[in-house]
Each structure stands twice: as C-alpha cells, then as structure tokens.
Amino acid sequence: MPRPNGKNKKFDRRRQQQNPLFKRKKFCRFTVAGVDQIDYKDVETLKDFIGDNGKITPARLTGTKAHYQRQLDTAIKRARFLALLPYTDLHGA
Numbered sequence: 001m002p003r004p005n006g007k008n009k010k011f012d013r014r015r016q017q018q019n020p021l022f023k024r025k026k027f028c029r030f031t032v033a034g035v036d037q038i039d040y041k042d043v044e045t046l047k048d049f050i051g052d053n054g055k056i057t058p059a060r061l062t063g064t065k066a067h068y069q070r071q072l073d074t075a076i077k078r079a080r081f082l083a084l085l086p087y088t089d090l091h092g093a
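Next up, the structure:
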C-alpha cells in the first residue's frame with residue numbers, strides 16, 4: 001500500500017498563489033519568438049540579459065534554454081568586444 005504523502009495539490013496551489021514570493025513559471029523568450037540565431041547587433045535584446053553590474057544573467061533566473069543561453073553568451077561577448085555593450089556598470093553606455 002502506498003504511503004500517503006499528506007499533500008493536497010489544490011491546497012498547495014492556492015497557498016502558492018497567495019504567497020507574495022511566488023514566482024511564475026519561466027519560459028524561453030527565444031523559443032516563443034522562434035529565433036534561429038541570436039544577433040550580437042540587437043543590443044536592446046541583449047541588455048535585458050545583463051544585470052546592473054554588467055554580469056550576464058544566468059539561465060536559471062531568466063528561463064532561457066541552454067541552446068539559446070550559449071548563443072546569448074557569445075553574442076554578449078561579441079557585442080562587448082565591438083564596444084556595443086559595456087563590460088562593467090562603470091562604463092557609460
């Protein structure tokens with residue numbers, strides 16, 4: 001006989017929605033948009049994935065799939081090398 005786990009799915013869902021720290025399920029923006037390649041010249045999109053301090057935001061926070069995260073990483077590094085994006089927050093962009 002299976003051991004009861006004591007969890008009620010309906011109750012858990014209601015409790016999560018009332019919690020102010022509840023986060024929505026993340027999704028990959030590039031998959032939804034049907035993007036094939038991430039362009040390093042699209043600076044406005046790349047800025048969304050860079051933190052205030054200039055670091056690249058990890059996929060676990062943005063919800064980006066691994067395939068697109070690798071492309072995003074390369075595109076941001078290329079844009080930085082070509083001076084389209086700043087390396088740190090101290091550089092005025």
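Numbering (full-length UniProt numbering), first residue to last: 1 to 93.
No residue lacks a Cβ here, since even glycine has one placed at the ideal position from N, Cα and C.
**Message:** Assuming LYS41 is part of the alpha helix (DSSP H), what are its boundary residues?
**Reply:** Note, LYS41: premise wrong, no alpha helix (DSSP H); not H, not E.
**Item:** C-alpha gap between ARG78 and ASP42, whole angstroms
**Value:** Each residue's alpha carbon lies about 11 Å from the other.
**Asked** In the DSSP assignment, what residue or residues form a beta bridge with ILE56?
**Response** Note: ILE56 sits in a beta bridge opposite ILE50.
**Message:** Mapping the DSSP letters down to three states, classify LYS26 as helix, strand or coil.
**Reply:** Looking at LYS26 - three-state DSSP - the assignment turns out to be coil, as it is neither helix nor strand.
**Request:** Figure out for me which residue from THR57, ASP36 and TYR40 has the closest Cα to the Cα of LEU85.
**Result:** When each option's Cα is compared against that of LEU85, the closest is TYR40.
**Message:** Which of the three DSSP states is assigned to LYS68 in this structure?
**Reply:** Position check: residue 68 holds Tyr in this sequence, whereas Lys was assumed. Shown here, TYR68 sits in a helix according to DSSP, grouped into three states.
**Nearest-angstrom Cα separation, counted from LEU90 out to GLN69** = Going by C-alpha positions, GLN69 is about 25 Å away from LEU90.
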